[in-house]
Amino acid sequence: MSIAAKFEIEYLQYLDPEGKLVVKEKDLPAFAKDLDHMVELYKLMVSTRVFDTKSIALQRTGKLGTYASCLGHEAAHVGIGSAMKDEDVYAPSYREYGAQLYRGVQPREVYTYWGGDERGNDYQKEPARHDFAWSVPIATQCLHAAGSALAFKIRNEKRVAVCTVGDGGSSKADFYGAINLAGAQQLPLVAVIVNNQWAISVPRSIQTGAETLAQKAIAAGLPTIQVDGNDIIAVRKAMEDALERARKGDGASVIEAVTYRLGDHTTADDARRYRGSEEVEEARAKEPIKRLRAYLESKKVWDQAKEDAWQAECDDWMDNEVNAYLETKTQPVTAMFDYTFAELPEDLARQRAEAISLESKEH
Amino acid sequence: MSIAAKFEIEYLQYLDPEGKLVVKEKDLPAFAKDLDHMVELYKLMVSTRVFDTKSIALQRTGKLGTYASCLGHEAAHVGIGSAMKDEDVYAPSYREYGAQLYRGVQPREVYTYWGGDERGNDYQKEPARHDFAWSVPIATQCLHAAGSALAFKIRNEKRVAVCTVGDGGSSKADFYGAINLAGAQQLPLVAVIVNNQWAISVPRSIQTGAETLAQKAIAAGLPTIQVDGNDIIAVRKAMEDALERARKGDGASVIEAVTYRLGDHTTADDARRYRGSEEVEEARAKEPIKRLRAYLESKKVWDQAKEDAWQAECDDWMDNEVNAYLETKTQPVTAMFDYTFAELPEDLARQRAEAISLESKEH
Amino acid sequence: MAQITLIEAVTQALAYEMAHDDSVVVLGEDVGVNGGVFRATQGLQEKFGPLRVLDTPLDETTIAGATVGLAVQGMKPVAEAQFEGFIYPMMEHINCHAARMRNRTRGRLSVPAVFRAPWGGGIRAPEHHSEANEHLFTNVPGLRVVLPSSPARAYGLLLAAIRDPDPVIFLEPKRIYRQYKEEVPDDGEALPLDVCFVLRDGTDVTLVTWGAQVKETLEAADELAEEGISAEVIDVATLTPLDFDTIAESVSKTGRCVIVHEAPKTAGFGAEIAARLVEECLFDLLAPVQRVTGYDTHIPLFQLEMKYLPSVERIVAAAKKTLAVS
Amino acid sequence: MAQITLIEAVTQALAYEMAHDDSVVVLGEDVGVNGGVFRATQGLQEKFGPLRVLDTPLDETTIAGATVGLAVQGMKPVAEAQFEGFIYPMMEHINCHAARMRNRTRGRLSVPAVFRAPWGGGIRAPEHHSEANEHLFTNVPGLRVVLPSSPARAYGLLLAAIRDPDPVIFLEPKRIYRQYKEEVPDDGEALPLDVCFVLRDGTDVTLVTWGAQVKETLEAADELAEEGISAEVIDVATLTPLDFDTIAESVSKTGRCVIVHEAPKTAGFGAEIAARLVEECLFDLLAPVQRVTGYDTHIPLFQLEMKYLPSVERIVAAAKKTLAVS
Ligand SMILES: Cc1ncc(C[n+]2csc(CCOP(=O)(O)OP(=O)(O)O)c2C)c(N)n1
Ligand SMILES: Cc1ncc(C[n+]2csc(CCOP(=O)(O)OP(=O)(O)O)c2C)c(N)n1
Ligand SMILES: [Mg+2]
Ligand SMILES: [Mg+2]
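Going line by line, the protein sequences match chains A, B, C and D. The opening residue of the first sequence carries number 1 in full-length UniProt numbering; numbering runs sequentially from there. The opening residue of the second sequence carries number 1 in full-length UniProt numbering; numbering runs sequentially from there. The opening residue of the third sequence carries number 1 in full-length UniProt numbering; numbering runs sequentially from there. The opening residue of the fourth sequence carries number 1 in full-length UniProt numbering; numbering runs sequentially from there.
Structural data, given as structure tokens:
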């Protein structure tokens, strides 16, 4: 009996739940030594949460349809978005607003989408404008990212495709397919598993028998790491390493960001049906914003006054976005037809005319 | 940075290509110390090859359709089939005759199937009669085995489901899904990857970036091992261990059996289009029958006379099977209809009547 | 006897059959503790344990393939696709294996499985949660495709589906899951899978439909009645194998037919019914057949979806159109 | 100019477009060194390198999903399913993403991809190698479904499919891959994707078909001609979006229609054409429409497959049946 192969999965953390560094200051990655930048990251995490709270309120008052909250994922998402370059491409699933706001998706677009209007997917600002739209069929976005990475490789562009997928999504065909293709073809892909412990009501423990989700990368021969997903320094650092590797032509990586879904799965879900409050309280104690704030306060670059000012600024921003959303007129009935093909086929043109005439009868 | 998990992939071999033991005699598994049994295994490997040669001849003379040869896989297949108990269930892909003959599939059934007649799937003898039929859609059989294993677990039966899948098939969704479900639910499943280096024209090296295929099991948290798939002792031993684990309730395992497809993919393929003869010759030197024969001869339990006698016996057997096959009458046209549902729906009965009347017009 | 909704009838049928047949198991995403995202499996895991009501990993390929394996071993699995829009990865196992295992093995092996999925639009749900994709399966030999449209039919047809020795696709019109209640005795009585249900007798025009559109179609019949037009309403219920005779009988009586379904028009199952009419009832037809369907576009996000789905108004107009010809 | 077969025309179109448009790439199983199991991509990897002609891992989900990603990035991928019977795992990406990316994003992103697959029976192949599954895609908004039936049409339609800004399902009738040769100038001229081709003019009956059955249908027309019956033959070629006008025009002239396809009858695409006839041409019809199709069973293994596929005899009989009515 000899050994054919050996593997280790590393775990990365810088900031513990209390906001204390678990490494020496000098061992921090460069970006983390720049406290101004850390404040920027903190501010985006906070604005993401303000945005999220506002969304839920909108849903509760009937102004949105179902909405998927990102509460508790702010470090993971902002860590991902902030590490990427503009020319990279992002393929999200449906709750990674922290990454998306960083890349120029506007809150009003998020509201429009969850408000039942396709225009929410028509991101207006770069670089989000060249990112993928939200992807509801679980894990499919992983292959879209892999295909994008293949395009970059074929065209010899120094760009990286990044996808995020949940702990649940890491069970689905598309995730395995994406990392396997990326490994076989050395594609510039970074696949981040945002392990928030739950796939709706299905806990991580019955999703898979694997000890870590990071180790799924071994099946594809890829470098992989497990990070504290509530520690933005760890997420951002792992992302930077993986992005650099990909950009240099050294191929794909997987990152497992361990976090917790503090809210319901979506506003249509009631998590109390399937998990105890103790577990949630325990997780809440480890949430990402509190610890980063404690750290920044310990560094004297943040305080209550700044917090209040920023919260107020975020509130204004979101109010403005909400208003823009609420003022948006419903699409005309013709919008059902006009984007099905680049050019409207004749048969469809007849159906479109029929829909218009029904519409005018109603009015 | 700490370590979240560690893994090692073991490689198992007893018999080298020259038929020399690479372990001490006393370290052989029990079954291998029983030389009568080893002779039995050898004989089945030889009869499998005789069968295979006959099949190709039948195809060349227009008496079969496309046929998928098992040349070079005899140790892997017989190793798998011989380790299983009757009450276990086997889910093959399409070329594992060595395992299937052991379990009672008759050569005439194989001919019937590849001769374009569904009756070839209606295995008459136990235990094959309760095994799955050949599965052409790659890797799908893995999930059928996992579902079977789930049934055994639910009913608390001490049975194991075994599936085989190719190196190519180990890229497909169903393989990952099967091992993940088996890991999550601790199912009595043994999944064997028969890595013959080629998926039609696609070499192992561009199928995946993983160093071994065995390591795919890590993604599912399963025990795994890589074995010399041309060494029947290694295959059989790994199978026995895995089957025992499963039968005891300790869950599923993966085995990678490293072998080589010495023939064309099927009779419809011409492997010279995509691989050099050197590679094939190198592989031929490591083929499974030659080494086992050398070993048995060194043990004085086999010789040329026995070989000749057994070859002759196999020839007779196959001639008999071929005759039985050639004498089989084509199914009536009604066979197209009669197994679509347990009971023939009315609409289909009308179509059946139409087909019968067309038929009678022709005659 | 308690009055129950369609979704409660689904639960009642599952509970009944699980209690009476040990081989019935339920599997899917969130079907366990959570009781399914629509509560179709509510309470079942408590009653029957986590092995007979199994939360699977999030992979539809896995669910479908494992279902085939379970069924071949003599279990009667009822697998759930959380929404019909997520059923695609199940198709290889459904079409290549479930639907043809019996045929492939000349009857040696079979797949007595049910694949359930909430179906259709109209609940203001996110993208991919509103698909009406019955046509994915109506062309597949060896499958039964069933769509109940009332609590009683959901109960009786689901029992029949589970007991059927062949695979059944059971699509549940989620828009009417909780639309109304009716008395559904929990008596284990199945309904036949080989007949259409005539829900309303009429003489002037035949309205043929299934699933959630039964609601609008019956309302349309009411409206037509007010104008003195007598509409017969047929709920196809089991699309395939089709009981065309019931439809043919009605249309030969009325001479007029409107087919209503929410899936896109082109190559929807309405086409099959229209085709049968032109093949077998041509000279009974007094007017062109009309199809009132979803458009040949993807069902829009919810702001516009009610403009996509067939409305009472569209059905009434189509019926009148058939009557304008003479 | 060399005479080429249908499969050579496919290769010629791919090579032409790859040479003229850098964004065209080919991917699939065995498409590289091996040139595809039918040789459709023969010689392309040598010419254009392993990145533009990419052998993928053996996972159809991967091929389809990567194709969507490539296309969104502005490439024009031509993905191959090795046989149409293996296309199921591609369906989620084709139906949920390729077909709706433009609609989802209000035109911001699009998927100019082609999904090719050898289609249909009649080559004495193993199980799952003979499927005719065009109906899997004909009900999906946002897709074009194209089936060429001659070398020239294969060349022209494939060029059009690659250039089309939206996803195209391109199904190649493998039974006639090498049936005959014709001159096909390599001039880069595409054929339109929005018309049916009238292959033969006639006045008594319209025969509508596509794919490999064009062969039997033309032969049937010959036989009918010998008996003095003038049959018009239409090759639908692009099933969806359908050019119904060409069919309607023919049927209003002949009053009779036989639809021929090898997929199972129920809910096959023939149903859609028949449905359109009863909706739009009812009073032109002098006889019931006939469908000559595969049966509602799985195409049998090859011993019986020719009894499953529509034969010249069945087509002729159906045509005569329409003429027996008056
Ligand atoms: C293919 C598919 N199956 C099922 C669903 C329904 N569904 C939506 S979210 C979800 C759970 C996802 O869990 P996870 O991947 O962990 O992501 P999270 O929601 O926790 O971010 C499920 C089952 C879906 N959207 N797509
Ligand atoms: C889903 C599916 N895709 C493609 C094919 C065509 N095909 C048949 S065998 C094969 C290669 C299989 O290679 P591998 O899994 O290594 O098994 P081997 O033939 O080497 O035993 C392919 C691509 C298929 N049968 N099923
Ligand atoms: Mg999760
Ligand atoms: Mg192989």
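For every residue, glycine included, the Cβ atom is placed at its ideal position computed from N, Cα and C. Every value quoted in this text rests on a predicted model; they were computed, and no experiment measured them.
7 Å Cβ cutoff met for residue i and residue j
i, j, result
"residue 6 (chain C)", "residue 177 (chain C)", "yes"
"residue 209 (chain D)", "residue 217 (chain D)", "yes"
"residue 143 (chain B)", "residue 66 (chain C)", "yes"
"residue 283 (chain B)", "residue 76 (chain B)", "no"
"residue 290 (chain C)", "residue 321 (chain C)", "yes"
"residue 23 (chain B)", "residue 16 (chain B)", "no"
"residue 221 (chain C)", "residue 258 (chain C)", "no"
"residue 160 (chain A)", "residue 238 (chain A)", "no"
"residue 184 (chain A)", "residue 163 (chain A)", "no"
"residue 135 (chain A)", "residue 30 (chain C)", "no"
Check: residue i C-beta below 6 Å from any heavy atom of ligand 4
i, result
"residue 199 (chain B)", "yes"
"residue 270 (chain C)", "no"
Cβ-heavy atom distance, residue i to ligand 3, below 6 Å
i, result
"residue 196 (chain A)", "yes"
"residue 167 (chain A)", "yes"
Own chain residues within Cβ distance below 8 Å of residue i, not counting five before or after
i, result
"residue 101 (chain A)", "44, 47, 48, 51, 81, 107"
"residue 110 (chain C)", "71, 72, 101, 102, 165, 166"
"residue 32 (chain B)", "14, 38, 233, 236, 237"
Near ligand 2: residue i beta-carbon under 6 Å from a heavy atom
i, result
"residue 82 (chain D)", "yes"
"residue 79 (chain B)", "no"
"residue 29 (chain D)", "yes"
"residue 101 (chain B)", "no"
"residue 12 (chain A)", "no"
"residue 86 (chain D)", "yes"
Contacting residues, own chain, Cβ-Cβ under 6 Å from residue i (five flanking each side not counted)
i, result
"residue 227 (chain D)", "none"
"residue 87 (chain D)", "81, 117"
"residue 218 (chain A)", "7"
"residue 350 (chain B)", "none"
"residue 95 (chain B)", "68, 70"
Neighbourhood of residue i by C-beta, 7 Å cutoff - its chain only, sequence neighbours within 5 removed
i, result
"residue 234 (chain B)", "12, 13, 14, 227, 228"
"residue 170 (chain B)", "193, 213, 216"
"residue 201 (chain D)", "232"
"residue 167 (chain B)", "193, 195, 196, 197, 199, 204, 207, 213"
"residue 270 (chain A)", "264"
"residue 74 (chain B)", "45, 48, 49, 98, 288, 289"
"residue 140 (chain A)", "174"
"residue 310 (chain B)", "43, 46"
"residue 50 (chain C)", "32"
Ligand 1 heavy atom lying under 6 Å from the CB of residue i
i, result
"residue 208 (chain C)", "no"
"residue 136 (chain A)", "yes"
"residue 197 (chain D)", "no"
"residue 58 (chain C)", "yes"
Contiguous alpha helix (DSSP H) assignments of at least 4 residues, all confined to the region 81-147 of chain B = 97-102, 107-114
Tell me the start and end of each unbroken alpha helix (DSSP H) in the region 225-268 of chain C that is at least 4 residues and wholly inside, in chain order.
-> 244-254
Whole beta strand (DSSP E) runs in the region 177-216 of chain D with 3 or more residues, listed along the chain?
-> 197-200, 205-209
Ignoring anything shorter than 4 residues or poking outside the region 264-293 of chain C, list the alpha helix (DSSP H) runs there in chain order.
-> 269-280
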